[in-house]
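Down below is the structure, laid out as structure tokens.
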Amino acid sequence: MSNVLLLRAPATDGPDKYEAAFRAERYYPVCVPVLETVLVNGSELDETIRAGPEKTGLSGVIVTSARACEAWKEAVLRLVDGLSGSADWTGVPFYVVGKATASALREIREATNDSRLAPVDIRGGAESGTSERLAHFILQELPQRDGPRKFLYLTGDKNRDVLPNILRDGGMELQSLQVYATQGSTHFTSDLENVISSAPSEYKDWWIVFFAPSAAEFVTPILRKHFAIPNAESESFSTKIAAIGPTTQDFLRNKLQVRVDVVAPRPSPEALVGDVQAFDAEEEHPRVY
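Position one of the sequence shown corresponds to residue -5 (this note's numbering), numbered consecutively onward.
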């Protein structure tokens, strides 16, 4: 059988489903995180928090991810010791996507000793599991509230336009501030080398599974140093390539000139393993996409 390199972070809340599915079919799978997020624009967020809602004219804050919560917490921790002013965010509603984000925001008060810069009024967690649902939830609440309709929207570098478009169409003003960004993992090279060195000696061949174009662009030059990544003309199948979805397939083939042997139509462990097994069973007559 083969080793399987899964270019994704493993699950943290139990056994990883992709690893378990491959292991059940006697493959040797391992997940390696490819991307990481870093906090950015901290000084700008500090200035906004320090100024407070009255000076900035902000009447609400929109938080759609745990990383945005972390950005607010880190800013408060930087400011809390030297705080001298009237900034008070305890009366400002913070609108969140999902219960996990709401929980992460609540933890800020404990981490900052009930600072008045920490959120108290947290809304939307149970009612909104998506950005679209949160946007409609906010608009439904607004007619019941007086005052300005200008919200601070904490974002990352890969945000859809659904939420801001719905809110702007509803007459709201958004002040967007990017507080985190995604980049290639600084540990990927060392993690990859550890995986290769610990792979079972009896498993000679490798499957490499790409889950997204952004990850593919970052890791492929590094992978080429360790594997014979096949191009369209390659007849070697010691390294085989699988892609999740047609978008990733097209990027690998057209942008990176990588041969793709298997394309799983959806991000399903069972579908991926089934396609990989089928390819291995027919390796005498390779299928090239």
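All residues carry an ideal CB built from backbone N, CA and C; glycine is no exception.
Practice task
Quick one: using the 10 Å Cβ neighbour count with 16 as the cut-off for buried, is alanine 275 buried or exposed?
Solution key: Taking the first residue of the sequence shown as 1, we reach residue 275 at position 281. Alanine 275 should be labelled exposed.
Practice task
Look at the alpha carbon of serine 97 and the alpha carbon of glutamate 227, and state the distance between them as a whole number of angstroms.
Solution key: For the purposes of this step, residue 97 is taken as residue 103 along the sequence shown, with counting starting at 1. For the purposes of this step, residue 227 is taken as residue 233 along the sequence shown, with counting starting at 1. If I take the Cα positions, the gap works out to 52 Å.
Practice task
Leaving aside the five residues before and after glutamate 38 along the sequence, list all residues of the same chain whose C-beta is less than 8 Å from its C-beta, in chain order.
Solution key: Numbered from its first residue, the sequence shown carries residue 38 at position 44. These residues qualify, in order along the chain: Leu171.
Problem - Status (buried if at least 16 other CB within 10 Å, exposed otherwise) for aspartate 255 - result: One-based indexing of the sequence shown puts residue 255 at position 261. Of the residues assessed, aspartate 255 falls on the buried side of the cut-off, its CB having 16 or more other CB atoms within 10 angstroms.
Practice task
Would you mind reading off the limits of the beta strand (DSSP E) that contains threonine 31?
Solution key: Reading the sequence shown from its first residue, position 37 is the one you call residue 31. Per DSSP, threonine 31 belongs to the beta strand (DSSP E) from 29 to 33.
Handout entry: Helix, strand or coil at lysine 49 [DSSP, three-state]
Key = Residue numbering aside, residue 49 sits at position 55 when the sequence shown is read from its first letter. Looking at lysine 49 - three-state DSSP - the assignment turns out to be helix.
Handout entry: Top-ranked residue by Cα proximity to cysteine 193, from Arg110, Pro23, Asn35, Pro207
Key = The count along the sequence shown starts at 1 and reaches residue 193 at position 199. Correcting the residue type first, residue 193 is alanine in the shown sequence and not cysteine. The shortest Cα separation from alanine 193 among Arg110, Pro23, Asn35, Pro207 belongs to Pro23.
Exercise for the section: Determine the direct distance from the alpha carbon of leucine 52 to that of serine 232, and round the result to whole angstroms. Expected result: Here the question's residue 232 lines up with position 238 in the sequence shown. Here the question's residue 52 lines up with position 58 in the sequence shown. Straight-line Cα distance between these residues: approximately 58 Å.
Handout entry: Inside the stretch 159 to 206 only - alpha helix (DSSP H) runs reaching at least 4 residues
Key = List check, alpha helix (DSSP H) in window: 182 to 192.
Exercise for the section: From the DSSP output, in three-state form, read off leucine 250 for me. Expected result: In the sequence shown, the residue the question calls residue 250 occupies position 256. Per DSSP, reduced to three states, the secondary structure at leucine 250 is coil, with no helix or strand assignment.
Practice task
Within its chain, find whatever has a CB closer than 8 Å to the CB of valine 86; leave out the 5 residues flanking it on each side and keep chain order.
Solution key: Position 92 of the sequence shown, counted from the start, is the residue given in the question as residue 86. For valine 86, the CB contacts under 8 Å within the same chain, skipping 5 residues up- and downstream, are Pro47, Leu52, Ser53, Gly54, Val55, Pro113, Asp115 in chain order.
Exercise for the section: Using three-state DSSP, classify arginine 20 as helix, strand or coil. Expected result: Position 26 of the sequence shown holds residue 20. When secondary structure is reduced to three states using DSSP, arginine 20 falls in the coil class, being assigned neither helix nor strand.
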